[in-house]
Each structure stands twice: as C-alpha cells, then as structure tokens.
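Working notes for the structure below.
Protein chains: 2
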Amino acid sequence: MTGKLYGVGVGPGDPELMTIKARRVLESVDVVCAPDSGREGRALEIVKKAVDRDFNVLRPHFPMTKKREVLEKAWGEAAEAIYRELKKDKDVAFVTIGDPTFYSTFAYVMERIKAAHPEVEIEVVPGVTSVTACAASLGIPLVSGGESLAVVPAAYGIDNLELLAQNFDTVVLMKVSRSFDAIAERIERAGLSGRAVFVARCGSEAFFSSDLESLKGREVDYLSMILLRGLRR
Amino acid sequence: MTGKLYGVGVGPGDPELMTIKARRVLESVDVVCAPDSGREGRALEIVKKAVDRDFNVLRPHFPMTKKREVLEKAWGEAAEAIYRELKKDKDVAFVTIGDPTFYSTFAYVMERIKAAHPEVEIEVVPGVTSVTACAASLGIPLVSGGESLAVVPAAYGIDNLELLAQNFDTVVLMKVSRSFDAIAERIERAGLSGRAVFVARCGSEAFFSSDLESLKGREVDYLSMILLRGLRR
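Sequence lines, in order, name chains A and B. The first sequence begins at 1 in this note's numbering and counts up one residue at a time. The second sequence begins at 1001 in this note's numbering and counts up one residue at a time.
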C-alpha cells in the first residue's frame, strides 16, 4: 500500500477559477508537488492564495529546455521523489496551472510512475484551461454550433498555418512567447493578422491586443497565446 | 442601469468540478437561466446539487434542431426574457454544462443581448470542459509537449478525417450521439479504430470503451465524445 497521487489542475490563474474538488484535495493531501519552473511554478502561487494551510512542498527541478535526454532525466527524478513520499503512505498532489491533461509535465511524471510503480492509485482532477479562460475574458465564443477548433503549440512550428485556417474556424496558438516575432510575421504572411488576438494572463487581469505588430520586440509572458477567430466566415 | 448578466460554466457533470467562482456567482444572483433542453438542462441539475438555496429559474425553450430560423427565433426570445429580468435590476446567471465559450448556446444569447442592449454588463465565468474531463477520467494526457489537438463537431460531417489524423496528434469528435453508427464506420474506413476511445458522462461515473463496433445500434448519451489519440506516433 502507498499513498495516492493526484494530478490537480488549479485553473488559469485566478484562485477562484480553481474547482471545488481541487481545493478539497489540496486541503487534504500531505504533500504538494510543484516543479520549480514554468507553468507548475505558477501553480504553487495560486494554491497558496486559494488554500489556507501549511503543507509540505516538494519542488523538483524541471529545466526549461527542449533537449529530450535532459527532460527525461528530470521527469524520472521527479517521479522517484514523489514515489518516496507515496511509499511513506503520504498522499501527494502534483499541481499544474490549467489542466493536468493539457500540456502539463504531469503527463510525463504520471507515465513514469505508472510504468515503475503500477500499484500506485492515481486520480486526475481536471481544471479550467487557459484556452477557454482567454475566450471568456475576451467575452467571445471559442467555438459554437458546427465550428471546429485547432490547438497548436506554435513554438514547435506552424508551417501548416494556411491549412489550419482553411479547415478550422478557430485556431489557438499556444507557447508563443519564445519566438513571438517570428510567429507574428508568419501570421502576417498568411494574411491572418486581422483575425488574430494576443492574450496574456487570461486567468486574472487579462491583457489583450489585436495589434501583433506593436508587440514585436517586447517581452511576452510565458503563458500567453494567440487566438485566430472567424477563419471560415 | 440594469442587472448584470453572467455566463456560467458549471463543469462537465460532477458538482465538485464547478469552480469556486461559479458557485459564488450562483449563490448571489437573483435569477438562474437554464434552457429546457440538451446541455443547459443538465446544467440546472448540477447547480441544484452544488448550490444549497432556492432561486428563481428562467427556462426558455430551446428546440433540438439544426434549422437556423427556428433556432434564431428561440435565441431571440431567450435574450428578451433575460433582458426583462435585467431591466428589473436583477442579476441573471445563464448556466451551461462545461464552459460557456465552448459549444454553448450562451454564445448566441450573449450576441443578441450585446447587439440590442449594449448597456448590459456581461461576465463569462469559464468552466472545466468535457474534453479535458474525459482525458482526466481515462488517466491519459490529451496533449503534451509539441502535440496538437483538433476538436470537431462530428454531427456536421468529418469528411476530412484523414487530413485531421495526418496533422494532429489528438482529435476529439464532439456531438457523436445523433449519428453514432455512421461516425464509427467512418473511423473504421479511415483505419483509425485502434486509436479511438468512446467516452460518456465524463464528469461523473464515466463510461468508456475502445470497441466502437460493440456500441453500434445502441442509444448513445447526448454528451458523449470519441477521442482519437497517438495519431502521429
């Protein structure tokens, strides 16, 4: 017997956009695991605002890199650090901003624990993603009726942007911070600037702009995205 | 001056998957508006479980049809019924299962109120969608790292299924209940049966099956979907 592992989505940023279940789990677990970089680091800030108690925090180091072997090592070490707590019969909540099934490192950690320690009970608590929170803060629908949606991590390339625009009503480009200028230029080249809205910090006091040109060269928040809407009208 | 209109997502079905903010809003508004059919009808059941108070309920009739002129009339009437409450300085929460920006009739009602009564203050409270809740209940990631996601309402046709499978890692087919057998056959014809999982009632005690063949001819829940995973591996 071991403790139970939870993957908990804490929502897009506003502590009130956490689910009732997420808060209940975070009020009951022995250990909260929040990696020290990127999205998961933000998650811990949100938890501290929403949950009024002291908890033990496990902070594995997740390097901000795309190098597969470096990442694999970090995920494996995090999984083992979590397992050491579970083996002491402690329940652990791995927290992530947004939802644990949606671009979260929880996926990799869960995979490793499932493979190495299949006896561990795992529960995933879904959360509000930044995607619908962005549309909500803009006061626009993301998709309605017969419309279709594509979500693409733009940092990995958007060579097929024209194809996306032809086949989808709404395209959401995630992970736009690291190469914002190139992405903005790619959108311009595809003739889609008029359809684009940049959104940052959608979970709290959102910032948005439909003038991508004016944002070039500026520092862009890690959790920002670009929405392309009304593409097939 | 009028009351304020909220579009409130109550999450995928489990009352605990409602956000703290959704519950707070529902505990404070004068009127809860829940259309009498489909997704919004379910939303009212969830609200009654999560919120322990009596509230005035407005139940406009939304016909289950694709006929545009019938729908337009129903949305217009719902918008005016809501506006009559707002004009009495009452706050109204239009509730929807999942998220109000994600395939909700709230989009149409909001559009009409914005156009006819621009003085009304509107706030959209996002919710957990059935899409991430499905992945969570299956204990699998929806998308990770460089993966991309397509969400398509299958009832409107999936002629481009092969193109979707070539360009996306994960494809979610929504609205599969009305023509389930034809959709299952289309997936088979595309050679994707081995990648498909059918999920129903993801918000509470989920039902899932990767054997679409066995589900043919059976009654399929209105809120079910099919996930196609690992398409580009």
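Where is the CB? At the ideal position from N, CA and C, for every residue including glycine.
| With G7 of chain A and F106 of chain A assumed to form a contact (beta carbons below 8 Å), what rounded beta-carbon distance in angstroms separates them? | For the purposes of this step, residue 7 of chain A is taken as residue 7 along the first sequence, with counting starting at 1. For the purposes of this step, residue 106 of chain A is taken as residue 106 along the first sequence, with counting starting at 1. 4 Å between Cβ atoms; contact.
| query | What separation, rounded to the nearest whole angstrom, lies between the Cα atoms of S214 of chain A and K87 of chain A? | reply | As a first step, residue 214 of chain A must be located in the first sequence, where it is residue number 214. As a first step, residue 87 of chain A must be located in the first sequence, where it is residue number 87. Taking the straight line joining both Cα atoms gives about 52 Å.
| request: Tell me, to the nearest whole angstrom, how far the beta carbon of T19 of chain A is from that of V109 of chain A; I am working on the premise that it is less than 8 Å. | output: Along the first sequence, one-based indexing puts residue 19 of chain A at 19. Along the first sequence, one-based indexing puts residue 109 of chain A at 109. No, T19 of chain A and V109 of chain A are not in contact; Cβ-Cβ is about 21 Å, not under 8 Å.
| When you compare only the Cα positions, how much space is there between K49 of chain A and V57 of chain A? | As a first step, residue 49 of chain A must be located in the first sequence, where it is residue number 49. As a first step, residue 57 of chain A must be located in the first sequence, where it is residue number 57. Roughly 15 Å separates the two Cα atoms.
| Identify the residues that DSSP records as bridge partners of V1143 of chain B: which are they? | Residue 1143 of chain B sits at position 143 when you count from the first residue of the second sequence. V1143 of chain B is bridged to A:F102.
| query | Helix, strand or coil: how does DSSP classify I1033 of chain B here? | reply | Working through the second sequence from its first residue, we reach residue 1033 of chain B at position 33. Looking at the sequence shown, residue 1033 of chain B is not Ile but Cys. In this structure, C1033 of chain B counts as strand in the three-state DSSP scheme.
| Does the distance from the CB of G1145 of chain B to the CB of G1009 of chain B come in under 8 Å? | Residue mapping note: residue 1145 of chain B aligns to position 145 of the second sequence, counting from 1. Residue mapping note: residue 1009 of chain B aligns to position 9 of the second sequence, counting from 1. It is not a contact, given that the beta carbons lie outside the stated cut-off.
| query | What residue range is occupied by the uninterrupted alpha helix (DSSP H) comprising V1131 of chain B? | reply | Position 131 of the second sequence holds residue 1131 of chain B. That run of the alpha helix (DSSP H) goes S1130 to L1138.
| Unbroken beta strand (DSSP E) run spanning I1122 of chain B, endpoints | Looking up residue 1122 of chain B in the second sequence gives position 122. Start and end: I1122 to V1125.
| request: Let me know the alpha helix (DSSP H) ranges lying completely inside the region 153-183 of chain A, each 4 residues or longer, listed in chain order. | output: 161-167
| task | Report the partner residues of T2 of chain A according to the DSSP bridge assignment. | result | Residue mapping note: residue 2 of chain A aligns to position 2 of the first sequence, counting from 1. Partner(s): none; T2 of chain A has no beta bridge.
| Three-way DSSP call (helix, strand, coil) for S209 of chain A in this model | By one-based count along the first sequence, residue 209 of chain A stands at place 209. Reduced to three states, the DSSP call for S209 of chain A is strand.
| When burial is assigned at 16 or more other CB atoms within 10 Å of the CB, is K66 of chain A buried or exposed? | For this step, residue 66 of chain A is matched to residue 66 along the first sequence. Exposed, because fewer than 16 other Cβ atoms sit within 10 Å of the Cβ of K66 of chain A.
| For D181 of chain A, which residues of its own chain have a beta-carbon under 6 Å away from its beta-carbon, when the five flanking residues on both sides are left out? | Counting from one through the first sequence, the residue named residue 181 of chain A turns up at place 181. Counting only Cβ-Cβ distances below 6 Å, and skipping sequence neighbours, we find K216.
| said: Just to confirm before moving on: does the CB-CB distance between R248 of chain A and I140 of chain A stay below 8 Å? | reply: Because residue 248 of chain A is not part of the residues shown, which for chain A are 1 to 233, the question remains open.
| request: Could you tell me which uninterrupted alpha helix (DSSP H) segments, each at least 4 residues in length, are contained entirely in the region 1064-1116 of chain B, listed from first to last along the chain? | output: 1068-1087 and 1106-1116
| query | So, helix, strand or coil for A1043 of chain B, using DSSP? | reply | The count along the second sequence starts at 1 and reaches residue 1043 of chain B at position 43. In the structure shown, A1043 of chain B sits in a helix (DSSP, three-state: H, G or I).
| Rounded to a whole number of angstroms, what is the C-alpha to C-alpha distance between L164 of chain A and F1062 of chain B? | Here residue 164 of chain A corresponds to residue number 164 of the first sequence, with the count starting at 1. Here residue 1062 of chain B corresponds to residue number 62 of the second sequence, with the count starting at 1. Using only the alpha carbons, I get a separation of about 32 Å.
| request: Put G7 of chain A into one of helix, strand or coil per three-state DSSP. | output: Within the first sequence, numbered from 1, the residue matching residue 7 of chain A stands at position 7. G7 of chain A: strand per DSSP, three-state reduction.
| request: Rank B:E1185, B:V1176, B:L1149 and B:R1186 by C-alpha distance to the C-alpha of F168 of chain A and give the top, closest one. | output: Counted from its first residue, the first sequence places residue 168 of chain A at position 168. Ranking the options by Cα distance to F168 of chain A, first place goes to B:L1149.
| query | What are the boundary residues of the beta strand (DSSP E) that includes L1227 of chain B? | reply | For the purposes of this step, residue 1227 of chain B is identified with residue 227 of the second sequence, where counting begins at 1. Membership of L1227 of chain B in the beta strand (DSSP E) is indicated by the continuous run M1225 to L1228.
| Checking contacts by CB at 8 Å: is E1016 of chain B closer than that to chain A? | Against the second sequence, residue 1016 of chain B aligns to sequence position 16. Any Cβ of chain A closer than 8 Å to the Cβ of E1016 of chain B would place that residue at the interface, and such an atom is present.
| Looking only at DSSP bridge pairs, what is V1197 of chain B linked to? | Stepping through the second sequence from its first residue, residue 1197 of chain B is reached at position 197. Its beta-bridge partners are B:L1227.
| field | Span of the alpha helix (DSSP H) around L26 of chain A | value | Taking the first residue of the first sequence as 1, we reach residue 26 of chain A at position 26. Counting along the chain, the alpha helix (DSSP H) containing L26 of chain A begins and ends at I20 to S28.
| task | Could you list which residues in chain A have their beta carbon closer than 9 Å to that of P1153 of chain B, in chain order? | result | Counted from its first residue, the second sequence places residue 1153 of chain B at position 153. Those within 9 Å of P1153 of chain B in chain A are V143, G145, G146, E147 and S148.
| Exposed or buried, V1070 of chain B, counting other C-beta atoms within 10 Å across all chains shown (16 or more means buried)? | Residue mapping note: residue 1070 of chain B aligns to position 70 of the second sequence, counting from 1. That one is exposed.
| task | Starting from the Cα of V131 of chain A, find the closest Cα among B:D1099, B:V1152, B:L1044 and B:L1138 and give me that residue. | result | Taking the first sequence and counting its residues from 1, the one referred to as residue 131 of chain A is at position 131. Here the closest residue by C-alpha is B:D1099.
| request: Using the Cα positions of E1119 of chain B and L227 of chain A, report the straight-line distance between them to the nearest angstrom. | output: Counting from 1 along the second sequence, the entry for residue 1119 of chain B is found at position 119. Counting from 1 along the first sequence, the entry for residue 227 of chain A is found at position 227. Using only the alpha carbons, I get a separation of about 26 Å.
| field | Within chain B, the residues that K21 of chain A reaches when beta carbons sit closer than 8 Å | value | Working through the first sequence from its first residue, we reach residue 21 of chain A at position 21. Near K21 of chain A (Cβ distances below 8 Å), the residues of chain B are D1014, E1016 and L1017.
| field | Three-state class that DSSP yields for L1149 of chain B in the structure shown | value | Taking the second sequence and counting its residues from 1, the one referred to as residue 1149 of chain B is at position 149. Here L1149 of chain B sits in strand by DSSP.
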